[in-house]
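Undergrad: Residue numbers (full-length UniProt numbering): 1 to 313. Pasting in a structure now, in structure tokens, and then I'll have a few things to ask.
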Amino acid sequence: MTLEKTPPLPAAPGPSLPSAAALARARRRASVARFWRQYRTHRSGLLGLTALALIALMALLAPLLVGDDVQSVTHAPGTALESPSGQFPLGTDQFGRSLLGLLVWGSRISLTVGLLAAALSVAIGTLVGIIAGHYGRWYSTVIMRITDWFLVMPTLVLAIVLATVMSRSIWTIVVAIGVTSWPTTARLVRAQTIAIESRPYIERARALGGGHRHVMTRHVLPNVMPLVLAQTTLGISSAILTEATLAFLGLGDPTVVSWGGLLQDAREAGAVSSGHWWYLAPPGIAIACVALAFTLCGRTVEAVLNPKLGAPR
């Protein structure tokens with residue numbers, strides 16, 4: 001007599017466990033939500049963020065707001081150096097172009113140069129700082145002595161030298177600012193890297209076979225990113241001011257309109273001696289407002305990521 005085997009009963013369906021990628025995305029969303037909750041408690045940070053959003057929107061919509069022909073010298077709608085009026089709220093330049101239109105169009109170049117130059121500067125500083133802090137010994141000594149040399153040299157002077165020997169273009173300004181303003185970021189990232197690599201989980205990662213690349217990219221870089229983010233927002237304002245200075249000195253691209261270029265044109269037209277204040281004031285105020293907005297955002301980001309610092313509310 002043989003016993004028939006009964007088939008096993010199907011397992012009751014249960015809730016599926018989330019994947020590692022889903023858990024990582026959920027943690028990132030929670031971190032972003034927590035960051036925003038803390039950020040919006042700072043009135044100064046919200047003020048700077050609102051100002052930046054309006055200026056960025058103006059720059060993006062510049063072709064629709066003022067048109068592409070606002071830079072044209074041959075089709076200028078007014079006469080030279082008209083004072084503010086209903087037709088030209090900010091007056092005209094020495095070619096009869098609307099200064100309001102030039103101010104709106106120039107925001108595209110000034111913001112683009114500031115963002116790209118700050119990104120290049122922070123990228124170089126982060127790479128140099130992580131390498132110097134991770135390897136240590138004579139690597140760190142050599143790298144930091146080079147960093148100290150760049151740090152004691154005036155950034156503006158080095159940028160002027162690079163902008164003079166290279167071709168006059170927007171990319172020259174970006175490179176000139178980016179390769180001369182990275183030492184501060186490098187020193188901050190190096191100090192943070194040394195502090196991170198003294199923690200126990202770094203020793204555990206090395207004991208499990210993690211190499212230099214694994215430690216730097218999977219453990220050190222994510223932990224220094226908050227510092228890098230705060231340094232980026234603070235560096236953008238400095239980059240915009242440096243771009244305006246280089247353009248004011250006549251080292252910018254003469255074929256594009258930027259806020260610094262408008263100041264240089266006003267100087268060449270004799271706006272200071274002739275009392276044409278409407279030619280000088282708008283681009284100068286715009287540069288100051290953008291620099292202040294980025295500074296407010298940067299200080300708030302730094303305060304949120306490092307509550308010990310605090311920030312004005």
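Backbone N, C-alpha and C define an ideal beta-carbon position, used for all residues, glycine too. None of these values were measured; they are calculated from a predicted model.
Is it a yes or a no for the stretch 291-303 touching the stretch 217-237, going by three-plus beta-carbon pairs under 8 Å?
TA: Contact between the stretch 291-303 and the stretch 217-237 is present, because at least three Cβ pairs lie under 8 Å.
Undergrad: So R97 packs on V66, CB below 8 Å; how close in whole Å?
TA: Residue 97 sits at position 97 when you count from the first residue of the sequence shown. Residue 66 sits at position 66 when you count from the first residue of the sequence shown. In fact, because the Cβ distance is near 10 Å, the residues do not count as touching under 8 Å.
Undergrad: Fully enclosed by the stretch 208-232, which alpha helix (DSSP H) runs are 4 residues long or longer?
TA: Listed in chain order, they are 212-215.
Undergrad: With P282 as the anchor, note down where its alpha helix (DSSP H) starts and where it stops.
TA: On the sequence shown, residue 282 is found 282 positions in, with the first residue counted as 1. Here the alpha helix (DSSP H) through P282 covers W277 to L305.
Undergrad: Starting from T184, follow the alpha helix (DSSP H) in both directions and report where the run begins and ends.
TA: Mapped onto the sequence shown, residue 184 falls at position 184. Note, T184: alpha helix (DSSP H), P183 to I196.
Undergrad: Are at least three pairs of beta-carbons, each pair with one atom in the stretch 185-200 and one in the stretch 136-156, less than 8 Å apart?
TA: Yes, the stretch 185-200 touches the stretch 136-156.
Undergrad: Give me the residue from A186, L116 and S169 with the minimum Cα distance to I131.
TA: Taking the sequence shown and counting its residues from 1, the one referred to as residue 131 is at position 131. Closest by alpha carbon: A186.
Undergrad: Whole angstroms is fine: what's the gap from T166's alpha carbon to R34's?
TA: As a working note, residue 166 is residue 166 in the sequence shown. As a working note, residue 34 is residue 34 in the sequence shown. Checking the sequence, you will find Met at residue 166 rather than Thr. Answer to the nearest angstrom: the Cα atoms are 45 Å apart.
Undergrad: For E268, report the span of its alpha helix (DSSP H) as first-last.
TA: Stepping through the sequence shown from its first residue, residue 268 is reached at position 268. First-last of the alpha helix (DSSP H) with E268: W259 to E268.
Undergrad: Helix, strand or coil: which one does DSSP assign to M1?
TA: Within the sequence shown, numbered from 1, the residue matching residue 1 stands at position 1. Summary for M1: the model assigns pLDDT 47, below 50, so the residue's position carries little reliability; its value from the coordinates is reported in the next sentence. If DSSP states are grouped into helix, strand and coil, M1 belongs with coil.
Undergrad: Can Q38 and V224 be called in contact, C-beta distance under 8 Å?
TA: To locate residue 38, count along the sequence shown from 1; it is residue 38. To locate residue 224, count along the sequence shown from 1; it is residue 224. No. Outside cutoff.
Undergrad: If contact is defined by three or more beta carbon pairs under 8 Å, each pair taking one atom from either stretch, is the stretch 101-119 in contact with the stretch 78-86?
TA: Verdict: no, contact absent.
Undergrad: Whose CA, out of L115, V179, A118 and V157, lies closest to the CA of I146?
TA: Here residue 146 refers to the residue found at position 146 when the sequence shown is read from its first residue. With distances taken between Cα atoms, I146 lies closest to V179.
Undergrad: Output the boundary residues of the alpha helix (DSSP H) element that contains M144.
TA: Residue 144 sits at position 144 when you count from the first residue of the sequence shown. That run of the alpha helix (DSSP H) goes R137 to V152.
Undergrad: Give the DSSP-derived three-state secondary structure of S83 in the structure shown.
TA: Numbered from its first residue, the sequence shown carries residue 83 at position 83. S83: coil per DSSP, three-state reduction.
Undergrad: Quick check: what's the CA-CA separation for E302 versus P183?
TA: Start at 1 with the first residue of the sequence shown, and residue 302 comes out as number 302. Start at 1 with the first residue of the sequence shown, and residue 183 comes out as number 183. Cα to Cα, E302 sits roughly 19 Å from P183.
Undergrad: How long is the line joining the alpha carbons of G210 and A21, rounded to whole angstroms?
TA: Locating residue 210 in the sequence shown gives position 210, counting from the first residue. Locating residue 21 in the sequence shown gives position 21, counting from the first residue. Those two C-alpha atoms are separated by around 21 Å.
Undergrad: Throw me the rounded Cβ distance for the A239 and G114 pair, which I believe falls under 8 Å.
TA: Locating residue 239 in the sequence shown gives position 239, where the first residue counts as 1. Locating residue 114 in the sequence shown gives position 114, where the first residue counts as 1. Contact flag correct, Cβ pair sits at about 4 Å.
Undergrad: Output yes or no for whether 8 Å exceeds the beta carbon distance between A244 and L52.
TA: Here residue 244 is taken as the residue at index 244 of the sequence shown, counted from 1. Here residue 52 is taken as the residue at index 52 of the sequence shown, counted from 1. Not closer than 8 Å, so no.
Undergrad: What number of angstroms, rounded off, separates the C-alpha of G252 from the C-alpha of L188?
TA: Counting from 1 along the sequence shown, the entry for residue 252 is found at position 252. Counting from 1 along the sequence shown, the entry for residue 188 is found at position 188. Roughly 30 Å between the two C-alpha positions.
Undergrad: Under the three-state reduction of DSSP, which class applies to residue 315: helix, strand or coil?
TA: Residue 315 lies beyond the residue range present for the chain, which begins at 1 and ends at 313; the question has no answer from this structure.
Undergrad: Given that a residue counts as buried once 16 or more other Cβ atoms are within 10 Å of its Cβ, and exposed if not, what is T126?
TA: In the sequence shown, the residue the question calls residue 126 occupies position 126. That one is buried.
Undergrad: I'd like to confirm the pairing. Which residues does DSSP put opposite residue 326 in its beta bridges?
TA: Examination of residue 326 is not possible in this model, given that the chain is present from 1 through 313 alone.
Undergrad: Terminal residues of the continuous alpha helix (DSSP H) containing A53?
TA: Along the sequence shown, read from residue 1 onward, the residue named residue 53 stands at position 53. Unbroken alpha helix (DSSP H) run through A53: R43 to L60.
Undergrad: Measure the C-alpha to C-alpha separation of D93 and G45 and round it to an integer number of angstroms.
TA: Counting from 1 along the sequence shown, the entry for residue 93 is found at position 93. Counting from 1 along the sequence shown, the entry for residue 45 is found at position 45. Spanning the two alpha carbons is a distance of roughly 35 Å.
Undergrad: Considering only their Cβ atoms, is the gap separating A291 from S258 smaller than 8 Å?
TA: Here residue 258 corresponds to residue number 258 of the sequence shown, with the count starting at 1. Here residue 291 corresponds to residue number 291 of the sequence shown, with the count starting at 1. Going by C-beta atoms, S258 is not nearer than 8 Å to A291.
Undergrad: Taking the C-alpha atoms as reference points, what is the distance between F150 and A288?
TA: Taking the first residue of the sequence shown as 1, we reach residue 150 at position 150. Taking the first residue of the sequence shown as 1, we reach residue 288 at position 288. Taking the straight line from one Cα to the other gives about 26 Å.
Undergrad: Here's the rule I'm using: 16 or more other beta-carbon atoms within 10 Å means buried, otherwise exposed. How should L263 be labelled?
TA: Within the sequence shown, numbered from 1, the residue matching residue 263 stands at position 263. L263 comes out buried.
Undergrad: Alpha carbon to alpha carbon, what distance is there between L208 and A176?
TA: Within the sequence shown, residue 176 is the residue found at index 176, counting from 1. Within the sequence shown, residue 208 is the residue found at index 208, counting from 1. A176 and L208: Cα-Cα distance of roughly 43 Å.
Undergrad: How big is the Cα-Cα spacing for R206 and A26?
TA: Your numbering for residue 206 matches position 206 in the sequence shown. Your numbering for residue 26 matches position 26 in the sequence shown. For R206 and A26, the distance between alpha carbons rounds to 28 Å.
Undergrad: I believe I109 touches V256 by the beta-carbon criterion, under 8 Å. Please report the beta-carbon distance rounded to the nearest angstrom.
TA: As a working note, residue 109 is residue 109 in the sequence shown. As a working note, residue 256 is residue 256 in the sequence shown. Going by Cβ atoms, the distance from I109 to V256 rounds to 5 Å, so yes, they are a contact pair.
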